[in-house]
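See below for the structure under consideration.
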Amino acid sequence: MKKIRISRAYESTKSPMKGNFRVCSPVSFVLETGEALQRGCGRKGLYETDVGWHCFYCGNYLYRERPSLKALWFHFRVGREYWKAMFSRDSIFINGVPVTGLHDFLPRSLLSDLGEPNPPPWFSYFIFYDGPEFKKYLENYKYG
559 MKKIRISRAY ESTKSPMKGN FRVCSPVSFV LETGEALQRG CGRKGLYETD VGWHCFYCGN
619 YLYRERPSLK ALWFHFRVGR EYWKAMFSRD SIFINGVPVT GLHDFLPRSL LSDLGEPNPP
679 PWFSYFIFYD GPEFKKYLEN YKYG
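Here it is as C-alpha coordinates:
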(Lines of atoms letter the chains of each structure in order from A and count residues from 1; the text may use other names and numbers.)
(Lines give C-alpha, C1' and ligand atoms only; values in the text may rest on other atoms or scores of the structure.)
Protein backbone atom coordinates (compact mmCIF):
# COMPACT_ATOMS: atom_id res chain seq x y z
CA MET A 1 0.00 0.00 0.00
CA LYS A 2 1.32 3.44 -0.98
CA LYS A 3 0.87 6.49 1.18
CA ILE A 4 0.31 9.92 -0.27
CA ARG A 5 1.94 12.75 1.56
CA ILE A 6 0.32 16.18 1.34
CA SER A 7 2.63 19.08 2.00
CA ARG A 8 1.84 22.74 2.16
CA ALA A 9 4.07 25.74 1.71
CA TYR A 10 5.55 26.97 4.94
CA GLU A 11 4.36 30.45 5.78
CA SER A 12 6.84 32.33 7.90
CA THR A 13 6.05 35.47 9.84
CA LYS A 14 9.61 36.64 9.17
CA SER A 15 10.61 38.49 6.02
CA PRO A 16 12.20 36.21 3.42
CA MET A 17 14.93 38.83 2.89
CA LYS A 18 17.66 39.08 5.46
CA GLY A 19 18.79 42.42 6.76
CA ASN A 20 17.60 45.46 8.61
CA PHE A 21 14.76 47.00 6.56
CA ARG A 22 12.87 50.18 7.41
CA VAL A 23 9.42 51.37 6.36
CA CYS A 24 9.35 53.52 3.21
CA SER A 25 6.99 56.19 4.51
CA PRO A 26 4.82 57.89 1.87
CA VAL A 27 5.41 61.64 1.61
CA SER A 28 3.42 63.99 -0.62
CA PHE A 29 4.44 67.47 -1.74
CA VAL A 30 3.28 70.05 -4.27
CA LEU A 31 5.61 71.57 -6.88
CA GLU A 32 5.54 75.23 -7.92
CA THR A 33 3.61 74.17 -11.03
CA GLY A 34 0.82 72.79 -8.82
CA GLU A 35 1.63 69.17 -9.60
CA ALA A 36 1.36 66.88 -6.56
CA LEU A 37 4.02 64.22 -6.17
CA GLN A 38 4.23 61.29 -3.79
CA ARG A 39 7.37 59.45 -2.77
CA GLY A 40 7.37 56.21 -0.81
CA CYS A 41 5.17 53.15 -0.89
CA GLY A 42 4.48 52.44 2.80
CA ARG A 43 6.10 48.99 2.67
CA LYS A 44 9.01 47.71 4.73
CA GLY A 45 11.60 47.78 1.99
CA LEU A 46 14.19 50.48 2.76
CA TYR A 47 17.69 49.04 2.92
CA GLU A 48 20.85 50.94 3.76
CA THR A 49 23.30 52.04 1.06
CA ASP A 50 26.38 54.23 1.20
CA VAL A 51 24.38 57.41 0.36
CA GLY A 52 21.28 56.68 2.43
CA TRP A 53 18.39 54.24 2.10
CA HIS A 54 16.87 52.79 -1.07
CA CYS A 55 13.42 51.17 -1.27
CA PHE A 56 13.43 47.66 -2.68
CA TYR A 57 9.82 48.02 -3.86
CA CYS A 58 9.33 51.54 -5.25
CA GLY A 59 12.94 52.71 -5.82
CA ASN A 60 12.63 55.72 -3.51
CA TYR A 61 15.88 57.14 -2.10
CA LEU A 62 16.24 58.76 1.31
CA TYR A 63 19.65 60.40 1.44
CA ARG A 64 21.81 60.71 4.52
CA GLU A 65 22.15 64.19 5.91
CA ARG A 66 25.87 64.26 5.16
CA PRO A 67 26.98 61.46 2.81
CA SER A 68 30.60 61.38 1.72
CA LEU A 69 31.53 63.09 -1.54
CA LYS A 70 32.90 59.80 -2.88
CA ALA A 71 29.61 58.00 -2.18
CA LEU A 72 27.67 60.80 -3.89
CA TRP A 73 30.03 60.65 -6.88
CA PHE A 74 29.46 56.91 -7.28
CA HIS A 75 25.69 57.39 -7.02
CA PHE A 76 25.82 60.25 -9.54
CA ARG A 77 27.82 58.24 -12.08
CA VAL A 78 25.54 55.22 -11.86
CA GLY A 79 22.45 57.41 -12.04
CA ARG A 80 23.73 59.25 -15.12
CA GLU A 81 24.25 55.94 -16.87
CA TYR A 82 20.90 54.51 -15.83
CA TRP A 83 18.83 57.63 -16.54
CA LYS A 84 20.58 58.40 -19.82
CA ALA A 85 18.63 60.91 -21.92
CA MET A 86 18.11 60.30 -25.62
CA PHE A 87 17.00 62.93 -28.12
CA SER A 88 14.79 62.31 -31.15
CA ARG A 89 13.53 65.25 -33.21
CA ASP A 90 11.77 67.52 -30.71
CA SER A 91 11.35 64.93 -27.95
CA ILE A 92 13.49 63.91 -25.01
CA PHE A 93 13.35 60.31 -23.77
CA ILE A 94 14.74 58.83 -20.55
CA ASN A 95 14.86 55.03 -20.67
CA GLY A 96 12.40 55.11 -23.56
CA VAL A 97 9.82 57.25 -21.73
CA PRO A 98 9.08 60.71 -23.19
CA VAL A 99 9.73 63.52 -20.71
CA THR A 100 9.31 67.28 -20.73
CA GLY A 101 12.02 69.72 -19.77
CA LEU A 102 15.74 69.28 -19.91
CA HIS A 103 18.00 66.95 -18.00
CA ASP A 104 20.64 68.42 -15.69
CA PHE A 105 23.30 70.49 -17.37
CA LEU A 106 26.74 68.92 -17.71
CA PRO A 107 29.07 70.24 -20.42
CA ARG A 108 30.57 67.81 -22.90
CA SER A 109 34.07 68.64 -21.63
CA LEU A 110 33.18 67.19 -18.19
CA LEU A 111 31.68 63.93 -19.47
CA SER A 112 35.11 62.27 -19.61
CA ASP A 113 35.32 62.61 -15.81
CA LEU A 114 32.40 60.17 -15.40
CA GLY A 115 34.82 57.28 -15.91
CA GLU A 116 36.95 58.31 -12.93
CA PRO A 117 36.48 56.48 -9.60
CA ASN A 118 37.21 59.59 -7.50
CA PRO A 119 35.15 62.79 -7.70
CA PRO A 120 36.69 65.60 -9.78
CA PRO A 121 37.10 69.09 -8.27
CA TRP A 122 33.99 70.48 -10.03
CA PHE A 123 31.64 67.84 -8.55
CA SER A 124 31.31 69.45 -5.11
CA TYR A 125 30.29 72.70 -6.82
CA PHE A 126 27.77 70.80 -8.94
CA ILE A 127 26.14 69.50 -5.75
CA PHE A 128 26.02 72.76 -3.81
CA TYR A 129 25.30 75.28 -6.59
CA ASP A 130 22.05 75.57 -8.50
CA GLY A 131 22.10 75.62 -12.34
CA PRO A 132 23.01 79.28 -13.02
CA GLU A 133 25.62 79.38 -10.22
CA PHE A 134 27.25 76.19 -11.52
CA LYS A 135 27.37 77.60 -15.07
CA LYS A 136 29.05 80.72 -13.69
CA TYR A 137 31.56 78.53 -11.82
CA LEU A 138 32.31 76.62 -15.04
CA GLU A 139 33.11 79.84 -16.89
CA ASN A 140 36.07 80.29 -14.52
CA TYR A 141 36.91 76.57 -14.23
CA LYS A 142 40.07 75.44 -15.95
CA TYR A 143 39.43 72.11 -17.69
CA GLY A 144 41.98 69.35 -17.39
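Converting from the sequence shown to my numbering requires adding 558 to each position, the first position being numbered 1.
Glycine included, every Cβ here is placed at the ideal spot set by N, Cα and C.
Taken in chain order, the complete beta strand (DSSP E) segments of 3 or more residues contained in the segment 596-659 are 602-606, 610-613, 619-621, 643-646, 649-652 and 655-657.
In the DSSP assignment, PHE579 falls outside any alpha helix (DSSP H), carrying neither H nor E.
For PRO675, the number of other beta carbons within 10 angstroms of its own is below 16, and it is reported as exposed. Closest option to GLU606, judged by alpha-carbon separation, among TYR699, TYR619 and LYS694: TYR619. Around the beta carbon of LEU630, 16 or more other beta carbons lie within 10 angstroms, which makes this residue buried. Non-local C-beta neighbours of LYS602 in its own chain, meaning closer than 6 Å and more than five positions away in sequence, comprise PHE579 and VAL581, ordered along the chain. Around the beta carbon of PHE692, a 10 Å sphere encloses 16 or more other beta carbons of the protein chains shown; the residue is thus reported as buried. Considering only PRO656, TYR640 and TRP641, the residue with the shortest C-alpha distance to ARG647 is PRO656. Listed as beta-bridge partners of SER586 by DSSP are GLN596. PRO675 carries a coil assignment under DSSP once its states are collapsed to helix, strand and coil.
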